[in-house]
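If you're matching them up, the sequences are chains H, Z and A in order.
Yeah, the first sequence ends on 327 if you go by the working numbering, and it's all consecutive.
Yeah, the second sequence ends on 1289 if you go by the working numbering, and it's all consecutive.
Yeah, the third sequence ends on 2425 if you go by the working numbering, and it's all consecutive.
All C-beta atoms, glycine included, are put in the ideal place defined by N, C-alpha and C.
These notes are about the structure you will find just below.
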Amino acid sequence: MDFNLIISQAITQGIGVQAVIFALAAIGLNVHFGYTGLLNFGQAGFLAVGAYGLGVTVTTLGLSFWLGLVVGLGAAVVFALLLGIPTLRLRADYLAIVTIAAAEIIRLTARSVTLRDVFGGSDGINRFANEFYALNPFDSGLALGPINFSRNDLFVVVVGWILVAVACLIVFLSMRAPWGRVLKGIREDEDAVRSLGKNVYSYKLQALVLGGVLGCLGGFVFAVSSQSVQPDNYGTDLTFFAWAALILGGAARVFGPVLGSIIFWFLLVLFDVALSEAVRSGLITFIDGTQVGQIRFWILGLSLMLLMIFRPQGILGDKRELAFDVK
Amino acid sequence: MSSSATTASSARAALQSVPQEPGAAKPDPILVADSVTRTFGGLTAVDVAHFEVQRGAITALIGPNGAGKTTLFNLLTGFDKPDTGEWTFEGRNLAGTSAYKVARIGMVRTFQLTKALSKMSVLDNMRLGAPQQRGESFWTSLLPFTWASQEKEITAKARDLLRHFKLADKEDDFAGSLSGGQRKLLEMARALMVDPDLVMLDEPMAGVNPALKQSLLNHIRELRDDGTTVLFVEHDMDMVRDISDWVVVMGQGRIIAEGPPEQVMMSQAVIDAYLGEHHDTSLDTGEGQ
Amino acid sequence: MIPQSRRRSVALLAIVVGVLSALAVAMAPTAHADGAIIKGSISDPEDAPIAGVVFTVSNADGFNETTESDAEGAWVVEVPERGTYTIDIDTGTLPEGVTLTDPEKTSLTVTLLSGKKTVVFPTGEGSTGGESTVDRLLQLTVDGLVFGLVIALAGIGLSMIFGTTGLTNFSHGELVTFGAISTLIMNNFFELPFVLAAAAAMLLSALFGAFQDKILWLPLRKKGISLIAMLVVSIGLGIFLRYVYLFFLGGSTQQFREYSGQAGIAIGPVDITPKIIVATVIAIAAITAVLLWLGYSRIGKASRAISDNPALASASGINVERVINVVWAVGAGMAGLSGVLYAMNIGVTWLMGFQILLLVFASVILGGLGTAAGALVGALIVGVLIQVSTLIIPTELKNVGALFIMIVILLFRPQGLLGRSERVG
């Protein structure tokens, strides 16, 4: 059992690309659910839309990477509006169903054979991030104690955390301003907020767009880091991981999703690698390598359940502020 | 600020010439409604032929449970859609206007079941009420210097109102920790942050302890004295008699009587509406409100 | 189907879990190839997999390998490096009556840039002679009704549980899968005759449902936890159950020992297998039984009373928690039956329930959340719509159509066709 490997992997991943992706997805979700009370279970759809916007622009249309980013952001905004305009009048659980359905529609469309020429079918799109990596200022990777990053990964991780910082700043500024105050009011009682002259519907749309755009940034990081966009990576699993990260860290707190993402990913990888090592070194014989990857989902499922039952405010949250009442 | 006695009597004076019949026209109406109806699956909740509210007066809207008072409130303020009806506020046609726009135009209502935002602090509740906040737009929210000074003004106004309503020491508490009566006061104070021209209070006395009731009554009088029109729904007949300049009685969705409090309370039609029991107890006729 | 005591449900569940654990050895999941691969799957026009079809993968550098499709119609070839490859299909190895959509295209060229490439040779779809649109419409309608019954069985339970407890159960699909897996174990492992196996599976599903309610949902309701929180808990439970199923079942589709392959019989222009006819009859019988039960039995009426007004129901002497427990048992039993019937069509997979969950939601919303009859009507409409829509839209996107319809319904008539006009926003 290589304990060094286990710890170093866990720490590296805990601050690595996956943690960044989920942090961005969860920050977006925090805007939706933590601050506004919108039950968005289709966050993966926003990441997909951003990633595909980027990939299609570069690979299928042959245009520049930077234009691809603009297209991805635009697509996220459009998706948010398409999703929000008809559905924001719906009750919480209906919104949950609709958002899952919308994300699934995106995924099924992207992986379809019919549109394979545009979206690459189930294999997806690759090799569109060369312009990004050309800007890499690092000469070599990072090997610092338990942390190990290749040269390219290091670049992505650094840019990724900068994006996370920007996202947190936006959330911090907007939520402490009157704009955020309106959202918090809406979270609790829309009619009360209406009676004070605020256009509740418009605010909900704005929240949906903001959270969607932040999630879309996560899609960019995902796509660039793996140099590919594959439809099955943007399924419900991604959304559920983001939810777990958000709730663990603490909804309606600026750093809740970031903290939750880092810790959740750290623990997950720790468990994964430790179990893999145990299997590999013969300590555990009744499961094999592929099954280790499945057990991480047991943890995900159980974590969601236990968190919601026993500590829905997570690490940083305030129980009195929670958005968990039915509207 | 004119003294209470002068304004009350001037309000009464203006209304003296108004005939005491349902749908009577008022000398200076701030709100005029026509043919407002609302049915719920065959049940007529509201059927008001004509309704006018006098500017600058305190009007009480009374009637047994199920008479349609809250439904009428909901319809006039855009929280519900009528089957038919038109109404104007300050001359502006409001039919079909959504709730938040009605509030912006100057007609603000409170709720029967208080909607104090319990997960926010008292002060935040108040600040939420202020209109035209620059910081409420997303892009300016990211630049604190654009809204910081206005926020200070709003906070000062909020604190002023809280002091007035004796809630000042609770400003940082979660609104959920307030008593029922205090929450009613908070909701009224919050509604005033909007600087409304017409305040519609839905059972402002319900659940309020007697000590606070007097304070509330005084606040409502002050509102009128400052020029704000008040329309309120109540079951507490002592209160109605105490402060209202005009009383409108609803029964089974219709307006069945109007007039100064002393006369209206005696009218046979009104007594019949309440089925002749205790005059300050309302009977449930079993119909939805 | 009424559980006598908690102990019996626990004991039975322990047996099931123990058996599933033992099967972990027997059903080891297959490892997938590392490195660059080219793979594909071949199926007939009815989407059933075809085994034994020969494929040859070659490139300009002399690499040449031949392989055959397996029982799932899947085939895979490891290739030494990235680059351009040619894949040829030996049409002589296709079964009788099955031809490629484009008979000229027996050879495909692909460029491998990432670690794997999937190649598809489509079959059927209009090239098998002379099927008129009306015939196809009839066939699709019948297929749709059958599928609709599968959805209806699951949807009725979902609707009943929502009606009495307010829970939007995102783990309902796992009850469906549970029924299929239980039947698999009974039929294949314990070698019970299929009908007995299915019946036992239905009973086990009912007990599983009652068990879930007793140890999870009832305590949560008592704790006063909000409905949104319960929704998220159900999502977590669903994830957990799905991956437990995957862990023990493996990733590939399993078939029942009996009734897996069957030749279709023609009734007019419509092709249908005897097992499906039997399944349909059973489904209709079960649905009718439940609707009658809801309408006329004491507990059925009590459950509707609880849906309408829980406080009033409780005040009038109904033992609300006991009725809810029965509703969970019946709903779960129906879902289990749905799983059995669905598996007769597509085999048993760990994801089967989750894959139809959104469709079940769509049908329940269409028909009216909270009404059992609505669930039935909605399910039949969704089932037929999905199948018939393939006349216009590609088969792979047929679910998209149903999901769109659901969103549209929620916009214009959120209470569904038969639901009460209550506030949904």
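Considering only residues of the same chain and omitting the five flanking positions on each side of Ala2036/A, which have a CB-CB separation below 8 Å?
Hits under 8 Å: Glu2078, Val2079, Pro2080, Glu2081, Arg2082, Leu2112, Gly2115 and Lys2116.
Leu2411/A versus chain H: which residues are under 7 Å apart at the beta carbon?
Ordered by position in chain H, the residues that pass the 7 Å Cβ test against Leu2411/A are Pro86.
Since Arg2242/A contacts Trp2350/A with CB under 8 Å, what's their CB separation in whole angstroms?
Correct: roughly 6 Å between the Cβ atoms.
I need the DSSP call for Asn2319/A, collapsed to helix, strand or coil.
Asn2319/A falls in the coil class under three-state DSSP.
At 4 residues or longer, what runs of the alpha helix (DSSP H) sit wholly inside the stretch 2108-2182 of chain A?
If we require 4 residues or more, the alpha helix (DSSP H) runs fully inside the stretch 2108-2182 of chain A come out as 2133-2165.
Given a cut-off of 8 Å, decide if Asp2213/A and Ile2324/A are closer than it, judged by their beta-carbon atoms.
Cβ atoms of Ile2324/A and Asp2213/A: closer than 8 Å.
What residue does the alpha helix (DSSP H) around Arg194/H start on, and which one ends it?
Run containing Arg194/H: Glu190 to Arg194, per the alpha helix (DSSP H) assignment.
In whole angstroms, give me the CA-to-CA distance for Ile1105/Z and Thr1088/Z.
Their Cα atoms are separated by approximately 11 Å.
Below 8 Å between beta carbons: does that hold for Val213/H and Leu307/H?
No, Cβ-Cβ distance for Val213/H and Leu307/H is not below 8 Å.
Work out the CA separation of Cys216/H and Leu163/H for me, nearest whole Å.
Going by the C-alpha atoms only, they are around 11 Å apart.
Taking contact to mean at least 3 C-beta pairs separated by less than 8 Å, is the stretch 177-189 of chain H in contact with the stretch 230-248 of chain H?
With the cut-off at 8 Å, the stretch 177-189 of chain H and the stretch 230-248 of chain H do not touch.
Going along the stretch 187-203 of chain H in order, which residues come within less than 8 Å of chain Z, judged by CB to CB distance?
Hits within the stretch, in order: Arg187, Glu188, Asp189, Asp191, Ala192, Val193, Arg194, Ser195, Leu196, Gly197, Lys198, Asn199 and Val200.
Could you check what DSSP says for Ala1099/Z in three-state terms: helix, strand or coil?
Reduced to three states, the DSSP call for Ala1099/Z is helix.
Can you round the beta-carbon distance between Val56/H and Gly219/H to whole angstroms, since I take them to be within the 8 Å contact cut?
Not quite, the Cβ-Cβ distance comes to about 12 Å (not below 8 Å), so this is no contact.
Which chain Z residues sit within Cβ distance under 9 Å of Ala103/H?
Going along chain Z, no residue has its Cβ under 9 Å from Ala103/H, so there is no contact; the nearest lies around 24 Å.
By the 9 Å beta-carbon criterion, what residues does the stretch 2385-2399 of chain A contribute toward chain H?
Against chain H - using a Cβ distance shorter than 9 Å - the residues of the stretch 2385-2399 of chain A are Ile2393, Pro2394, Glu2396, Leu2397 and Asn2399.
How do the stretch 270-290 of chain H and the stretch 31-39 of chain H stand: do at least 3 beta-carbon pairs fall below 8 Å, yes or no?
These segments do not touch.
Show which residues of chain Z have a CB atom less than 8 Å away from the CB atom of Gly180/H.
Under the 8 Å cutoff, chain Z gives Ser1141.
Going by beta carbon distance, what residues of the same chain come within less than 6 Å of Val1194/Z, once the five residues before and after it are set aside?
If we look at Val1194/Z and ignore the five residues flanking it on each side, its Cβ neighbours are Val1108, Gly1129 and Pro1131.
According to DSSP, is Leu163/H part of a helix, a strand, or is it coil?
Reduced to three states, the DSSP call for Leu163/H is helix.
Report buried or exposed for Arg151/H, applying the criterion of at least 16 other Cβ atoms within 10 angstroms of its Cβ.
The residue is exposed, with fewer than 16 neighbouring Cβ atoms inside 10 Å.
Starting from Tyr2085/A, trace the beta strand (DSSP E) both ways and give me its first and last residue.
Start and end: Gly2083 to Ile2089.
What do you get for Glu1052/Z, buried or exposed, if any count of 16 or more other CB atoms within 10 angstroms of its CB means buried?
It is buried - the Cβ of Glu1052/Z has at least 16 other Cβ atoms within 10 Å.
Per DSSP, what kind of secondary structure is Val2025/A in: helix, strand or coil?
Bear in mind that the predicted position of Val2025/A carries a pLDDT of just 31, short of 50, making it unreliable; the figure below should be weighed with that in mind. Looking at Val2025/A - three-state DSSP - the assignment turns out to be helix.
How is Ala2031/A classed by DSSP in three states: helix, strand or coil?
With a pLDDT of 32 at Ala2031/A, under the threshold of 50, the modelled position of that residue is not reliable, and the figure given next carries that caveat. Coil at Ala2031/A, not helix or strand.
Hey, could you find the ends of the beta strand (DSSP E) Thr236/H is sitting in?
Here Thr236/H belongs to no beta strand (DSSP E); instead the alpha helix (DSSP H) covers Thr236 to Gly249.
Looking at the structure shown, is Lys2039/A part of a helix, part of a strand, or coil, going by DSSP?
Strand.
Counting only the same chain and skipping the five closest in sequence on each side, list residues whose C-beta sits under 7 Å from that of Asn1209/Z.
Closer than 7 Å at Cβ, skipping near neighbours: Gly1181.
Measuring CA to CA, which of Leu2291/A, Leu2231/A and Leu2366/A is closest to Ile2409/A?
Nearest of Leu2291/A, Leu2231/A and Leu2366/A to Ile2409/A, Cα basis: Leu2366/A.
Could you work out which residues of chain A lie near Asp123/H, taking near to mean beta carbons separated by less than 8 Å?
The answer, in chain order, is Ser2114, Lys2116, Lys2117 and Thr2118.
Given that Gly320/H touches chain Z, what residues does it touch there, using C-beta distances under 8 Å?
The residue asked about is misnamed: residue 320/H is Arg in this sequence, not Gly. Near Arg320/H (Cβ distances below 8 Å), the residues of chain Z are Lys1119, Phe1174 and Gly1176.
Leaving out five residues on either side along the sequence, give the residues of the same chain with a beta carbon under 6 Å from the beta carbon of Lys327/H.
Low per-residue confidence applies at Lys327/H: pLDDT is 30, beneath 50, and the placement is therefore not dependable, though the value from the model is reported in the following sentence. Excluding sequence neighbours, Lys327/H sits near Ala92.
What does DSSP give as the partner residues of Arg1092/Z in its beta bridges?
For Arg1092/Z, which the question treats as bridged, DSSP gives the partners Phe1089/Z.
For Gln43/H, which of Gly211/H, Asn130/H and Ala143/H has the nearest alpha-carbon?
Closest by alpha carbon: Gly211/H.
Run the CB neighbour count on Ile2284/A, radius 10 Å, all protein chains shown included, and call it buried at 16 or more, exposed below.
Exposed, by the Cβ-count rule.
For a contact defined as C-beta to C-beta under 8 Å, what are the partners of Ile170/H on chain Z?
Simply Leu1142.
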